[in-house]
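Numbering follows my numbering, in which position 76 of the sequence shown is assigned residue number 76; successive positions increment by one, without gaps.
Note that beta-carbon positions come from the ideal geometry of N, C-alpha and C, so glycine has one too.
Computed from a prediction, not measured in an experiment: that's the story for all the values here.
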Amino acid sequence: MKTFLSLLGFDAQKHSVKVEMMAGLTTFLTMSYILAVNPIILGDAGMEKGAVFSATVIAAVVATAVMAFYAKMPFALASGMGLNAFFAYTLVIVMGYTWQEALAAVLIEGLVFILLTLLKVREAIVNSIPLNIRYSISVGIGLFIAFIGLKNGGIVVVNEATVTGLGPWTPTSVVAICGILLGAILLTLKVRGALFFTILIMTVVGIPFGVTQIPEHFTILSLPHSIEPIALKMDFTRFISLDIDYYIVVATLLFMDLFDTIGTLIGASTGAGMVDHATGRIPNLNKSLMADAIGTTVGALCGTSTVTTYVESTTGIVEGGRTGLTALTVAGLFFLALFFSPIFLIIPSAATTSALFLVGVMMLRQIVHIDFIDFSESMPCFMTMLMMPFTASISEGIVLGLLSYVFVKVCAGRYREITATMYILAAFFVLKYVAPLI
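Structure (structure tokens):
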């Protein structure tokens, strides 16, 4: 048993099996919504929903298991939100690509990521990001996931007058608010597994209010759906014909996944104190990035959209997850979901609001490390933190923060403080925003 656990980076003198597994369970519960949402989104692109459910599970299991054994880190991976919407609504519905052509683009993206990771290009990009910006990424993600939680719980709603505003008192918002308060009390009392127990309790509480929907013919077990309708159905015609627009699509997927993953790894690792304090570097970073690249490749082969590291991993890290055992627990639960999907799919978003909101609170701790005296540091950091929730995108927040960092430093005559890698990244970022205008 000890030998097996050591493969996951587990040390009995530093870690606890119970804590790691509870952390994995918490992470899984907060991200399990992808099992319900991904089939709906990709189904809108014309893909068979049952097959997408199974493909989503398989991709998550493989990618997260690679994270567990290869990187030995507590991060979980699955088809990314935002990336799946881009796949279905932008590529297929708006731009007119078939879902088979879109899958081919995802596969190419995954293979390119594997190559970039082997060459350590992605690691070099991460290590080139200034330390203050790294802290602001953690804070920004905290604000972002807290906003997601409030929105999912109906506490915050779209408002034409003020963009967003307080939502009405509904059973959903009441359950979400009660969950936040209960979770805060349990965390204050230092109850181990506070976030998990809060999700569980609020799921049960939601039943009489109609928030937790239990189907009329509810069954605990279900047979896995075949992935045959969507697996290995990629269409490379546009790639082979050197379609420039198609190449831009692949580049866009690369960009979105790259900075979503980088942001999550930096934010979660920094927030959990898992970085080298002297250099600010993340342990096993390149191996974590490889898990992401392999997940995307396997996901495309199975028939699902881009796989990425989930920001909800922070909920498990807060519960004490520090090793690959946490990730392996998540992978195991995803596998069980193939057979017990009815149980996992009844957990309402209102029940997970508390976990997302309270983890957001915890991630704000890193703000004390940011240099707010030097305006050339504080302004880009503020831009990074603010734009993540405002644009609903981790990658956009990072890009705008880094662009403002380079711009202010150069204009202030402090260009020597910027690395060559940062200048290259800034050039690509400018091209990203200017290219559509040409």
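Is there at least one non-hydrogen atom of the ligand NAP closer than 6 Å to the beta-carbon of residue i?
i	result
VAL205	The ligand NAP is not part of the structure shown, which contains no ligands of any sort.
Going by alpha carbons, who is nearest to residue i out of the options?
i	options	result
PHE147	LEU166, THR261, THR98, VAL250	LEU166
PHE382	PHE236, GLY397, SER32	GLY397
PHE38	PHE209, PHE53, GLY324	First, the residue type needs correcting, since residue 38 is Asn and not Phe in the sequence shown. Selected option, being the one with the closest Cα: PHE53.
THR170	LEU150, ASP245, ILE155	ILE155
GLY46	VAL406, ILE262, PRO229	PRO229
MET31	THR419, MET73, LEU143, LEU195	LEU195
VAL205	LEU187, ILE177, LEU186, ALA184	ILE177
ARG134	THR270, VAL410, LEU345	THR270
SER288	ALA300, LEU265, GLY303, THR306	LEU265
LEU364	ASN132, ILE424, GLY142, LEU103	GLY142
LEU356	SER79, GLU312, LYS190	GLU312
LEU42	THR352, ALA300, LEU131	ALA300
VAL359	SER6, HIS225, VAL298, ILE180	ILE180
ILE40	GLN13, LEU258, VAL17, ALA85	ALA85
ASP260	LEU35, ARG122, ASP374, GLY413	ARG122
ASN286	LEU258, THR297, CYS302, VAL298	LEU258
Distance, Cα to Cα, residue i vs residue j?
i	j	result
MET422	SER376	15 Å
THR198	ILE137	27 Å
THR64	ILE367	29 Å
GLU101	TYR433	25 Å
LEU338	PHE144	30 Å
SER241	ALA105	13 Å
ASN159	PHE10	48 Å
ARG281	LYS233	39 Å
THR164	SER393	17 Å
GLY50	ILE185	39 Å
ALA78	PRO208	31 Å
PHE372	ILE244	44 Å
THR252	TYR89	14 Å
ALA291	LEU119	15 Å
HIS15	ARG238	50 Å
ALA71	TYR310	15 Å
ALA59	ARG416	43 Å
PHE4	LEU254	35 Å
SER395	PRO389	11 Å
THR98	VAL92	6 Å
GLU48	HIS369	48 Å
THR304	ALA427	32 Å
VAL410	THR188	45 Å
PHE408	VAL157	According to the sequence as given, residue 408 is Val; it is not Phe. If you take the alpha carbons of VAL408 and VAL157, they lie about 35 Å apart.
VAL191	PHE429	44 Å
Excluding sequence positions up to five away, which residues of its chain have a Cβ less than 8 Å from the Cβ of residue i?
i	result
PHE340	ILE220, LEU221, SER222
LEU328	LEU8, GLY24, THR64, ALA65, ALA68, PHE69
LEU431	none
SER128	THR419, THR421, MET422, LEU425
For a test of the three-state rule: what should DSSP assign to residue i, helix, strand or coil?
i	result
VAL406	helix
ALA300	helix
VAL361	helix
VAL191	coil
GLY165	strand
ALA420	helix
THR212	coil
ALA78	strand
ASN286	helix
THR309	strand
VAL275	coil
Keeping to the same chain, check which residues put their C-beta closer than 7 Å to that of residue i; ignore five residues upstream and five downstream.
i	result
ALA293	GLY110, PHE113, ILE114, THR117
VAL439	Any question about residue 439 goes unanswered here, given that the chain covers just 1 to 438.
SER349	TYR33, ASN152, GLY153
THR391	GLY397
MET385	SER136, VAL139, GLY140, LEU143
VAL250	ALA105, ILE108, GLU109
Leaving out five residues before and five after residue i in sequence, what residues of the same chain have Cβ atoms less than 6 Å from its Cβ?
i	result
THR26	LEU195, PHE196, THR315, GLY316, GLU319
VAL57	PHE334, ALA337, LEU338
VAL211	PRO171, THR172, VAL175, PRO348, ALA350
PHE439	Only positions 1 to 438 of the chain appear in this structure, which leaves residue 439 out of reach.
PRO380	GLY401, SER404, TYR405
PRO224	SER54, LEU338
MET202	VAL175, GLY179, ALA351
ALA412	SER376
PHE87	ALA102, SER305
Less than 8 Å between the CB atoms is what I'm expecting for residue i and residue j, so what's the real figure, rounded?
i	j	result
GLY295	VAL62	6 Å
THR306	LEU83	4 Å
MET95	ASN284	37 Å between Cβ atoms; not a contact.
SER354	LEU182	7 Å
ILE108	ILE262	Rounded, the Cβ-Cβ distance is 20 Å, inconsistent with contact.
Quick check: is the beta carbon of residue i nearer than 7 Å to any beta carbon in chain B?
i	result
MET47	The question asks about chain B, but that chain is absent: this structure has only one protein chain.
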